[in-house]
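Asker:
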Amino acid sequence: MPTFRPENFMRKTIDLPDQFIFATEYEVLYSDVNSANHLGADRFLPIAMEAQLRFIKHLGYADATAFEDAGLIMAHSEVEYISEAKYGDSLEVKLAARNFGRRSFEFIYQINNLSLEREMARIATTLLFFDYAAGKVIEVPDTFLQRIRKNNVQTI
Numbered sequence: 017m018p019t020f021r022p023e024n025f026m027r028k029t030i031d032l033p034d035q036f037i038f039a040t041e042y043e044v045l046y047s048d049v050n051s052a053n054h055l056g057a058d059r060f061l062p063i064a065m066e067a068q069l070r071f072i073k074h075l076g077y078a079d080a081t082a083f084e085d086a087g088l089i090m091a092h093s094e095v096e097y098i099s100e101a102k103y104g105d106s107l108e109v110k111l112a113a114r115n116f117g118r119r120s121f122e123f124i125y126q127i128n129n130l131s132l133e134r135e136m137a138r139i140a141t142t143l144l145f146f147d148y149a150a151g152k153v154i155e156v157p158d159t160f161l162q163r164i165r166k167n168n169v170q171t172i
């Protein structure tokens, strides 16, 4: 059995875009902290999803989980852990949208620890619009694309 050595570990870096289209703040909750007294690895995606929901509401949709006659489903995700956060730390979650295809697109998140003034994580998620009534993936709706294009950087 091979022995794990850090030099054998291929680290993937998530490239950040030149501009983000949305930013929001999040305070690390007690329920986010693990037994080592820092933000648990299992909490990064839920924090990104919270930012995603806030962004969709910001775009003007009444329901952030089911809109454009479909729902968003996550097909793929990657998390690059950079530094830690502790209970009560203030985080800034920035979001960008890119790599639009016919049926998918990507959200890129950069999480910064405002309390410690450093970058904490980068996350990439590939999302699909899914028509639950028809039971299939649908094309990215034009109205969604238009709302994305009109959006400016804002903090909510």
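Just so you know, we're using this note's numbering here: the sequence shown kicks off at 17 and counts up by one.
Beta carbons: idealized from backbone N, C-alpha and C, even for Gly.
Predicted model, so just to flag it, every value in this text is computed and none were measured.
With 16 other CB atoms within 10 Å as the buried threshold, where does I127 fall?
Answerer: buried
Asker: So what's T40 in DSSP terms, helix, strand or just coil?
Answerer: The DSSP-derived three-state label of T40 is strand.
Asker: For Y125, which residues does DSSP report across the bridge?
Answerer: As DSSP reads the structure, Y125 sits in a beta bridge with L111, I139.
Asker: In terms of residues, what are the limits of the beta strand (DSSP E) holding H74?
Answerer: Careful: H74 lies outside any beta strand (DSSP E), inside the alpha helix (DSSP H) at 60 to 74.
Asker: Within 10 Å of its beta-carbon, does K110 have 16 or more other beta-carbons around it, so buried, or fewer, so exposed?
Answerer: buried
Asker: Look at the Cβ atom of F121, then the Cβ atom of L143, and state whether they are nearer than 7 Å.
Answerer: For F121 and L143, yes; Cβs fall inside 7 Å.
Asker: Would you call the stretch 33 to 42 and the stretch 95 to 102 in contact, with 3 or more CB pairs under 8 Å?
Answerer: They do not touch, by the three-pair rule.
Asker: Give the secondary structure of V169 by DSSP, where H, G and I count as helix, E and B as strand, and everything else as coil.
Answerer: Low confidence applies here, because V169 scores a pLDDT of 44, under 50, leaving its location unreliable; read the following figure in that light. Annotated three-state conformation of V169 is coil, per DSSP.
Asker: Taking the alpha-carbon positions, what's the M17 to G56 distance?
Answerer: Residue placement at M17 is poorly supported in this model, since its pLDDT is 49, which falls under 50; the coordinates still yield a value, given next. So the two alpha carbons sit approximately 29 Å from each other.
Asker: What whole-angstrom Cβ distance do F145 and L88 have, given they're in contact under 8 Å?
Answerer: Between F145 and L88, the beta carbon gap of about 6 Å places them in contact (Cβ cut-off 8 Å).
Asker: Starting from K152, trace the beta strand (DSSP E) both ways and give me its first and last residue.
Answerer: Counting along the chain, K152 sits inside the beta strand (DSSP E) bounded by residues 152 to 154.
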